[in-house]
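Student: This is the structure I want to talk about, given as structure tokens.
Chains as they are written, first to last, in the numbering used here: chain A, 1 to 260; chain B, 261 to 517.
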């Protein structure tokens with residue numbers, strides 16, 4: 001029995017490795033000449049990036065600030081919309097049919113990447129940060145609501161039973177048992193989503209939905225690689241700072257609740 | 261320490277406090293229940309609960325005692341049979357309170373919040389959602405928590421409390437429903453003997469106040485000391501229903517094996 005299980009694992013791993021080689025070969029990634037010429041081009045490109053042009057910072061700064069605003073408002077708006085949707089998608093609270101319809105809808109929202117939502121809202125609202133914010137918000141709803149209803153479903157069923165046995169209604173059960181029991185997940189996922197959204201909103205500008213992305217794409221298309229490097233460095237710095245701040249805030253806000 | 265009267269089993273005159281003792285509180289007739297076609301968890305149970313009694317249900321794991329409790333607490337719906345709850349008792353506002361085995365307290369909320377949750381069934385939705393409970397409700401909570409020796413710990417979160425204290429918070433939440441009957445699943449089985457004694461002494465005091473208790477257990481020692489009435493369950497059926505003094509402890513142990 002043990003032998004058979006082991007050989008099954010070996011066959012599985014072997015298959016994964018073989019498939020990788022086949023696909024990589026098809027993509028010319030196993031060709032040494034290809035790698036060499038790529039390396040050469042990369043070196044030339046890297047040379048073009050330097051020196052950075054610090055004089056563009058006054059232009060890039062406000063665009064970065066806009067990116068932060070897009071992800072901040074997008075995350076907040078997404079959060080506000082995701083809680084009631086997750087409430088409706090929880091089978092502990094609602095009939096399966098209702099919950100699954102909402103889950104299906106959320107799945108649909110998630111299939112569309114935030115950049116495509118951005119395109120849709122550019123069509124509706126015109127170029128600018130409003131389209132980016134709504135794009136981020138929609139994507140956030142799809143994800144947060146899923147993470148939340150899963151957390152709501154995972155609340156200890158004896159807590160739910162005990163509070164339900166007080167004769168309370170759905171809203172009360174949600175407010176007094178399910179929300180407090182999943183508070184930590186709710187909060188830490190907001191921070192996670194905000195960090196994630198900062199990254200996705202940097203490319204929102206590619207489709208004219210506001211923020212630093214507009215300049216990143218512009219510099220790239222106009223072959224202004226020194227400008228591009230400067231904008232990228234500034235973006236990197238801001239993203240790292242926000243990641244750090246968010247980490248600190250998260251560990252300050254989320255209280256460790258012992259299991260027992 | 262909890263401030264309660266010394267332990268004593270109520271005699272017949274003590275039980276005659278309410279004037280309703282000739283009526284059962286609750287009558288279950290012909291209850292059947294099964295979980296997803298896996299045989300029957302409860303098979304044709306008949307049961308009457310009288311006011312002011314401490315009834316213990318003894319049985320092995322899987323004997324159906326928790327399922328029976330959940331049926332009586334309206335948490336599960338019986339496949340067949342019915343449960344009647346008789347009104348007219350002094351505290352009939354919401355007559356049945358249920359305490360699950362793990363107590364079901366919300367761990368990162370305070371003692372007071374968890375106690376107030378017992379009043380959700382008769383507090384307006386929007387007031388309670390905003391966290392505003394009527395004055396009378398807050399007064400009741402203060403009285404109950406003081407009686408149970410928990411008022412000083414009202415702002416403590418549940419995960420900071422000891423096992424015995426959590427047990428008392430669960431009782432406080434149950435009492436907020438103003439119940440005539442408290443259903444408690446494996447109530448003191450996770451406590452050390454001294455704390456278990458404290459909690460059960462308190463339970464006896466409640467019973468003298470007219471509240472009936474139905475407690476499941478697998479502890480034979482507990483039954484002989486604290487129960488007025490013993491129900492033994494086996495494979496979903498009641499096989500014994502009488503005073504615990506009418507069955508020798510050895511036989512109880514034999515049935516539990």
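C-beta atoms are modelled at their ideal positions from N, C-alpha and C, and glycine is treated no differently.
#1: Of the choices B:394, B:494, B:472 and B:479, whose alpha-carbon is the least far from that of residue 457 (chain B)?
#2: Pick helix, strand or coil for residue 503 (chain B), following the three-state DSSP scheme.
#3: What did DSSP end up calling residue 91 (chain A) once you bin it into helix, strand or coil?
#4: With 8 Å as the limit, tell me which residues of the stretch 1-35 of chain A have their beta carbon closer than that to any beta carbon of chain B; keep them in chain order.
#5: Give the secondary structure of residue 276 (chain B) by DSSP, where H, G and I count as helix, E and B as strand, and everything else as coil.
#6: Identify, in the order they occur along the chain, each residue of the same chain with its Cβ nearer than 7 Å to the Cβ of residue 76 (chain A), setting aside the five sequence neighbours on each side.
#7: Three-state secondary structure (DSSP) at residue 493 (chain B)?
#8: Can you give me the start and stop residues for the beta strand (DSSP E) that residue 477 (chain B) sits inside?
#9: Between which two residues does the beta strand (DSSP E) harbouring residue 293 (chain B) extend?
#10: Report the neighbours of residue 159 (chain A) on chain B: residues whose CB is nearer than 9 Å to its CB, in chain order.
#11: Could you name the residues of the stretch 171-186 of chain A whose beta carbon sits closer than 7 Å to any beta carbon of chain B, in the order they occur along the chain?
#12: Between A:116, A:143, A:141 and A:145, which lies nearest to residue 131 (chain A) when the distance is taken from Cα to Cα?
#13: Between A:81, A:99, A:224 and A:252, which has its C-alpha nearest residue 56 (chain A)'s C-alpha?
#14: Counting contacts by CB-CB distance shorter than 8 Å, is residue 437 (chain B) in contact with chain A?
#15: List the residues of chain A whose Cβ lies closer than 9 Å to the Cβ of residue 357 (chain B), in chain order.
#16: Under 7 Å Cβ-Cβ, which residues of chain A neighbour residue 388 (chain B)?
#17: What beta strand (DSSP E) runs, 3 residues minimum, are completely inside the stretch 304-335 of chain B?
#18: Classify residue 416 (chain B) as helix, strand or coil using the three-state DSSP reduction.
#19: Pick out whichever of B:316, B:509 and B:302 has its Cα sitting closest to the Cα of residue 490 (chain B).
#20: Answer with yes or no whether the minimum CB distance from residue 471 (chain B) to chain A is below 8 Å.
#21: Measuring CA to CA, which of B:439, B:464, B:381 and B:459 is closest to residue 429 (chain B)?
#22: Please report the straight-line C-alpha distance between residue 509 (chain B) and residue 485 (chain B), rounded to a whole angstrom.
#23: Anything in chain B within Cβ reach of residue 169 (chain A), meaning under 7 Å, just list it in chain order.
#24: Just to confirm my understanding: we take residue 195 (chain A), look at its own chain, exclude 5 residues before and 5 after, and list those with CB closer than 6 Å. What are they?
#25: Spatial neighbours of residue 368 (chain B) within its chain, please: CB distance less than 8 Å, with the 5 preceding and 5 following residues excluded, ordered by chain position.
#26: Cβ of residue 162 (chain A) less than 8 Å from any chain B Cβ?
#27: Beta-carbon within less than 7 Å of residue 144 (chain A)'s beta-carbon, same chain only, minus the 5 sequence neighbours each way: which residues are those?
#28: Rounded to whole angstroms, what's the CA-CA distance from residue 113 (chain A) to residue 105 (chain A)? Just pull it up for me.
#29: For residue 464 (chain B), count neighbouring Cβ atoms within 10 angstroms of its own Cβ and tell me buried if that reaches 16, exposed if not.
#30: Any Cβ of chain A within less than 8 Å of the Cβ of residue 335 (chain B)?
#31: Output yes if chain A places a C-beta closer than 8 Å to the C-beta of residue 378 (chain B); else output no.
#32: In or out: residue 472 (chain B) buried (at least 16 other Cβ within 10 Å) or exposed?
#33: Quick one: grab the DSSP three-state call for residue 298 (chain B).
#34: So what's residue 58 (chain A) in DSSP terms, helix, strand or just coil?
#35: Under 8 Å Cβ to Cβ from residue 394 (chain B), same chain only, skipping five residues before and after it: list those, please.
#36: Can you give the beta carbon distance from residue 122 (chain A) to residue 85 (chain A), rounded, assuming they're within the 8 Å contact cut?
Tutor: In short:
#1: B:479
#2: coil
#3: coil
#4: none
#5: With a pLDDT of only 43 at residue 276 (chain B), under 50, the local geometry of the prediction cannot be trusted, and no value is derived from it.
#6: none
#7: strand
#8: 472-477
#9: 286-293
#10: 360, 362, 363, 364, 365, 366 and 367
#11: 171, 172, 175, 176, 177, 180, 181 and 183
#12: A:116
#13: A:224
#14: yes
#15: 165 and 166
#16: 172
#17: 314-318
#18: coil
#19: B:316
#20: no
#21: B:459
#22: 11 Å
#23: 385
#24: 243 and 246
#25: 417, 418 and 419
#26: yes
#27: 78, 79, 82, 189 and 193
#28: 15 Å
#29: buried
#30: yes
#31: yes
#32: buried
#33: coil
#34: helix
#35: 383 and 387
#36: About 24 Å separates the two Cβ atoms, so there is no contact after all.
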